[in-house]
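In numbering that gives the first Met the number 0, the protein residues as written are 0 to 452. Glycine included, each C-beta is placed from N, C-alpha and C at the ideal position.
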Amino acid sequence: MGNAYSIKGEKYKTADLPELLTCVKGDEVLVFLKDQKVLLPRAIRINALRDSLKETLLAERQKANQMIEADKNNVDINISKRAERLNWFEKFCETQLENELTEQNNDGINKQYFLTLWTNLLKDIKKQGVSKESIEAFIEAHYDTTKELPNVKEFNQTLDHCFFDKEGNLDGLTINQFKETILYSSSVKELDMIAAKYDVKIPKNLKRDQVQEAIILELKKKGSYNEKEHQILDGFTTKQLEEFASANDLIASRYISKPQAIDYLLRNAHTTKDVFEAELSAPIEEKPQEVIEEKVEVTPEVVSVTTEDEALVTEPKWTTKTKQGSKALQALLFKVKKIRKPKKALVVDETTKPNEDAVPMDKLDLILRQLERTNDNLEALLRHHVPVRIKKVIFGLFVLSVGFAGFVVFTYFYRDVFLFRSIVNLLNRIPFLLNRGIMDFFYRLFEVLILRR
0 MGNAYSIKGE
10 KYKTADLPEL
20 LTCVKGDEVL
30 VFLKDQKVLL
40 PRAIRINALR
50 DSLKETLLAE
60 RQKANQMIEA
70 DKNNVDINIS
80 KRAERLNWFE
90 KFCETQLENE
100 LTEQNNDGIN
110 KQYFLTLWTN
120 LLKDIKKQGV
130 SKESIEAFIE
140 AHYDTTKELP
150 NVKEFNQTLD
160 HCFFDKEGNL
170 DGLTINQFKE
180 TILYSSSVKE
190 LDMIAAKYDV
200 KIPKNLKRDQ
210 VQEAIILELK
220 KKGSYNEKEH
230 QILDGFTTKQ
240 LEEFASANDL
250 IASRYISKPQ
260 AIDYLLRNAH
270 TTKDVFEAEL
280 SAPIEEKPQE
290 VIEEKVEVTP
300 EVVSVTTEDE
310 ALVTEPKWTT
320 KTKQGSKALQ
330 ALLFKVKKIR
340 KPKKALVVDE
350 TTKPNEDAVP
360 MDKLDLILRQ
370 LERTNDNLEA
380 LLRHHVPVRI
390 KKVIFGLFVL
400 SVGFAGFVVF
410 TYFYRDVFLF
420 RSIVNLLNRI
430 PFLLNRGIMD
440 FFYRLFEVLI
450 LRR
């Protein structure tokens with residue numbers, strides 16, 4: 000294939016073609032790529048976006064960081080947020096770069112973007128087998144020097160489905176890169192934009208089953224998931240699931256957080272969902288622990304064994320039904336924790352007697368059953384508290400009482416107003432205490448208690 004292209008009777012080198020294509024609209028490019036049955040790696044567009052924005056955004060980042068350094072005690076919050084976002088520029092996903100390009104709204108930057116994009120695009124489609132004649136025909140049909148640059152936002156949105164991610168990538172980033180970059184440099188609104196781009200709708204609130212899924216996801220991340228825990232969670236209400244998550248330092252709530260929203264997107268986007276689940280279900284390799292044998296000689300002397308507890312394990316607690324409990328419940332929990340903690344190598348001291356406070360392992364099941372019964376009793380007690388509906392009724396009556404008291408005081412001083420007089424006369428028809436109308440009764444009560452007449 001030669002380097003010369005014949006466009007409307009004139010010869011052009013390959014390097015000259017991008018200049019001819021910068022004014023072609025997105026829908027025209029879309030038709031051409033579909034006709035050629037071509038899909039493009041997302042890296043082509045990401046590289047074009049980053050190259051065109053690099054000089055401007057790095058200069059802006061440097062200026063923002065200098066302003067922060069110059070006056071650390073009086074930093075404008077908008078400058079601080081902007082600097083924090085731009086510190087992640089090199090790791091931006093495609094949507095973030097597109098938004099920055101739109102925000103800049105600079106013809107020079109846009110022109111550079113189109114030139115770089117077409118340079119990379121032409122190189123790739125030729126590798127994929129698009130013929131020289133097809134490229135020439137496309138340029139001849141749409142080349143027009145009188146056209147202006149297309150709207151960059153509309154152009155990019157039109158071609159969204161022409162670019163593809165590698166398996167396990169989303170918007171040009173790997174799963175781990177995406178999590179970190181979006182968490183620290185993107186807004187929730189921008190995250191929703193990314194989700195919409197990949198036909199995923201992130202819910203604002205989670206249903207009960209989705210809260211359980213979030214808990215299981217967190218347990219898998221910590222390597223603490225097992226089928227027994229799953230069966231226990233199946234019987235919990237939404238509130239109990241949230242309490243379980245809080246007790247075990249897990250990010251899971253009916254109100255979806257930003258990390259949960261990111262995980263939700265990764266679990267439902269078609270290029271990442273299989274890889275995301277595979278990473279969670281992969282077995283965690285445990286480092287072999289050195290086993291130290293104890294050799295204790297039996298002698299008439301009393302031997303004591305002292306132990307030193309290691310740090311708490313990350314395995315989820317067995318307390319799930321209520322966060323607050325009685326002293327008996329707390330004592331049971333302490334026993335369970337004590338049993339489930341791993342022990343370091345035992346140190347034998349032949350001059351003292353054995354530790355008699357250790358709880359035998361065979362009592363674990365009994366303690367757990369006691370714990371469950373105690374939790375059930377506590378939950379039964381909680382059910383005897385005042386229901387929320389009754390509280391709402393009491394609050395409503397309180398508001399009405401305060402409003403009526405204000406009405407009595409106000410109309411007492413303005414009874415001559417026709418509207419108030421009509422309302423008072425109407426209410427006085429209602430019989431009340433001491434053969435008085437209801438308003439006359441409260442007027443007299445107001446005079447005696449407040450006005451002291």
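- Residue state for Thr173 is assigned as strand, using DSSP reduced to three classes.
- In the three-state reduction of the DSSP assignment, Ile201 falls in the coil class, being assigned neither a helical nor a strand state.
- Boundaries of the beta strand (DSSP E) harbouring Ser5: Ala3 to Ile6, taken from the DSSP string.
- Linking Phe412 to Tyr442 through their CA atoms gives a straight-line distance of about 10 Å.
- Taking 8 Å as the cut-off, the Cβ atoms of Ala251 and Ala260 do not count as close.
- The continuous alpha helix (DSSP H) containing Tyr442 extends over residues Ile437 to Phe445.
- Bounds of any alpha helix (DSSP H) do not take in Lys71, whose DSSP letter is neither H nor E.
- The beta carbon of Ile429 is closer than 6 Å to those of Ile437 in its chain, skipping five residues each way along the sequence.
- A direct Cα-to-Cα measurement between Thr271 and Ile174 gives close to 7 Å.
- The Cβ atoms of Lys203 and Ile255 lie closer than 8 Å to each other.
- Taking a cut-off of 8 Å for Cβ pairs, the region 152-163 and the region 13-26 touch, as three or more such pairs fall below it.
- When beta bridges are read from the DSSP output, Asn168 appears opposite Thr173.
- Where Lys146 is concerned, there is no enclosing beta strand (DSSP E), because DSSP gives it neither an H nor an E.
- Here Leu38 carries a coil assignment [DSSP, helix/strand/coil].
- With respect to Ser5, Glu135 sits close: the two C-beta atoms are nearer than 8 Å.
- Around the CB of Leu444, fewer than 16 other CB atoms lie within 10 Å, so the residue is classed as exposed.
- Judged by DSSP in its simplified three-state form, Lys24 adopts coil rather than helix or strand.
- According to the DSSP assignment, Lys12 belongs to the beta strand (DSSP E) that extends over Glu9 to Lys12.
- Each of Lys33, Pro149 and Ile231 was checked against the Cα of Asp106, and the nearest Cα belongs to Pro149.
- With contacts defined as CB atoms closer than 8 Å, Asp164 and Arg41 qualify as a contacting pair.
- In the three-state reduction of the DSSP assignment, Phe235 falls in the coil class.
- A residue is called buried when at least 16 other Cβ atoms come within 10 angstroms of its Cβ; Leu396 does not meet this threshold and is exposed.
- For the 8 Å CB-CB criterion, Arg49 and Ala82 do not form a contact.
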